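Counting in our numbering, the sequence shown runs from -7 upward without gaps.
A quick write-up on the structure given underneath.
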Amino acid sequence: MHQMNDLRRIDLNLLVILDALLNEQHVTRAAERLHLSQPAVSHALARLRDLLGDPLLVRAGSSLVPTSRALELMAPLAEALAQVQSLLAPNTFDPATAKRTFRLAMSDYGAAIVLPGLIRTLRREAPGIDLQISHASREGMLEGVLNGDIDIAAAVFPEIPNELRSTPLFEERYACLVDRSSLPETGTLDLATYLSRPHVLLEMRGSGTPEIERALTSLRERRRVAVSLPHWRVAPEFISGTDLILTVASRALRDIDESTLVVVPPPFEIPSFTFVLVWHKRRGGDQALNWLNERIAEGIKR
-7 MHQMNDLRRI
3 DLNLLVILDA
13 LLNEQHVTRA
23 AERLHLSQPA
33 VSHALARLRD
43 LLGDPLLVRA
53 GSSLVPTSRA
63 LELMAPLAEA
73 LAQVQSLLAP
83 NTFDPATAKR
93 TFRLAMSDYG
103 AAIVLPGLIR
113 TLRREAPGID
123 LQISHASREG
133 MLEGVLNGDI
143 DIAAAVFPEI
153 PNELRSTPLF
163 EERYACLVDR
173 SSLPETGTLD
183 LATYLSRPHV
193 LLEMRGSGTP
203 EIERALTSLR
213 ERRRVAVSLP
223 HWRVAPEFIS
233 GTDLILTVAS
243 RALRDIDEST
253 LVVVPPPFEI
263 PSFTFVLVWH
273 KRRGGDQALN
283 WLNERIAEGI
293 KR
């Protein structure tokens, strides 16, 4: 009963302020985020400390550090506010008049696949919807969706937490890019040639590249990496006129210069992978998010 009385003393505005404080960890920034005055946010923090019986945020230099109790509150508070927002949202979503900002996370490979069709659709059907695109590791993307920092993540996820929903976009396979003149007379790559040549390694966050190393490990083989880089757009330029080999998702090689470069299958089996969209289950009632997911799937470059 005491807990129920405490809850009755906390209005929704205080919870919104607490959420901003826990995310910003700075009173002034939280006030700017909420379009409130700094004294108003400070007063709200004092009320929250009294109501919850915890300091919630303690000063460390110029920042405020959340207490263990505050850290426990972050995820359920974000989920509760999202549910309230969904409850109060209009029953219908009109893309032509909607004004929303969605935060998407993906690798540059994912961006090349997802964004061209999606952005054209948004400009045509929903000009008031804006996108914020970020780049993170697979783990970082999932964490962002879990804590509410990201609305949708698009990548290869071997494991997806139970709190999240996902939908497959396409199945992808690997291919090798080589200089046409460096191919053996057979016109294909055999395993011995593949292992004897230097390689370009793409350490793209959110990509499927670890599967290549796992496939080689299963053969008890290793490849020599001569160039390692975090993005694939420039990689084909390294291949022309060299003996380098680039092994990458085949969709990344659609626009290469076929006069000097050639795409061939890998000389060993690399499992294909599924590229998926991921979002939080608590967002299931968000019609705008559901609409955006459908537009992403429809706009994929096939």
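Every residue gets a Cβ at the ideal spot worked out from N, C-alpha and C, and that includes glycine.
Since the structure is predicted, the reported quantities are computational estimates derived from the model, not experimental observations.
Phenylalanine 260 and leucine 211 - do their beta-carbons sit closer together than 8 Å? Within the sequence shown, numbered from 1, the residue matching residue 211 stands at position 219. Within the sequence shown, numbered from 1, the residue matching residue 260 stands at position 268. Closer than 8 Å, so yes.
Along the chain, where does the alpha helix (DSSP H) that runs through histidine 35 open and close? In the sequence shown, the residue the question calls residue 35 occupies position 43. Run containing histidine 35: 30 to 44, per the alpha helix (DSSP H) assignment.
Expressed to the nearest angstrom, what Euclidean distance is found between the alpha-carbon atoms of leucine 114 and glycine 132? Position 122 of the sequence shown, counted from the start, is the residue given in the question as residue 114. Position 140 of the sequence shown, counted from the start, is the residue given in the question as residue 132. Answer to the nearest angstrom: the Cα atoms are 26 Å apart.
Can you give me the Cβ contacts of serine 188 inside the same chain, cut-off strictly under 7 Å, excluding the 5 residues immediately before and after it? Translated into positions along the sequence shown, residue 188 becomes position 196. So the list is empty, once near-sequence residues are dropped.
Could you pull the DSSP bridge partners for alanine 88 from this structure? As a working note, residue 88 is residue 96 in the sequence shown. Answer by DSSP bridge pairing: none, since alanine 88 is not bridged.
Between arginine 287 and proline 176, what straight-line distance do the alpha-carbon atoms span, to the nearest angstrom? Here the question's residue 287 lines up with position 295 in the sequence shown. Here the question's residue 176 lines up with position 184 in the sequence shown. Near 44 Å, if we compare the C-alpha coordinates of proline 176 and arginine 287.
So what's aspartate 122 in DSSP terms, helix, strand or just coil? Translated into the one-based positions of the sequence shown, residue 122 becomes position 130. In the structure shown, aspartate 122 sits in a strand (DSSP, three-state: E or B).
Only counting the same chain, and skipping five residues up and downstream in sequence, which positions put a Cβ closer than 7 Å to that of tryptophan 283? As a first step, residue 283 must be located in the sequence shown, where it is residue number 291. These residues qualify, in order along the chain: Phe85 and Pro87.
Could you tell me the alpha carbon to alpha carbon distance between glycine 109 and glycine 277, rounded to whole angstroms? By 1-based counting over the sequence shown, the position of residue 109 is 117. By 1-based counting over the sequence shown, the position of residue 277 is 285. Computed Cα separation, rounded: 25 Å.
Put isoleucine 262 into one of helix, strand or coil per three-state DSSP. Working through the sequence shown from its first residue, we reach residue 262 at position 270. If DSSP states are grouped into helix, strand and coil, isoleucine 262 belongs with coil.
On the three-state DSSP scale, how would you describe serine 129? Stepping through the sequence shown from its first residue, residue 129 is reached at position 137. Collapsing the DSSP output to three states places serine 129 in coil.
May I have the straight-line CA-CA distance separating aspartate 143 from aspartate 247, to the nearest angstrom? Sequence index remark: in the sequence shown, residue 143 carries index 151 (1-based). Sequence index remark: in the sequence shown, residue 247 carries index 255 (1-based). So the two alpha carbons sit approximately 30 Å from each other.
So is histidine 191 buried or exposed if we call it buried at 16+ other beta carbons inside 10 Å? Here residue 191 corresponds to residue number 199 of the sequence shown, with the count starting at 1. Answer is buried; the Cβ neighbour count reaches 16.
Glycine 237 and valine 170: beta carbons closer than 8 Å? The residue you call residue 237 lines up with position 245 of the sequence shown. The residue you call residue 170 lines up with position 178 of the sequence shown. Residue 237 is actually isoleucine in this sequence, not glycine. Closer than 8 Å, so yes.
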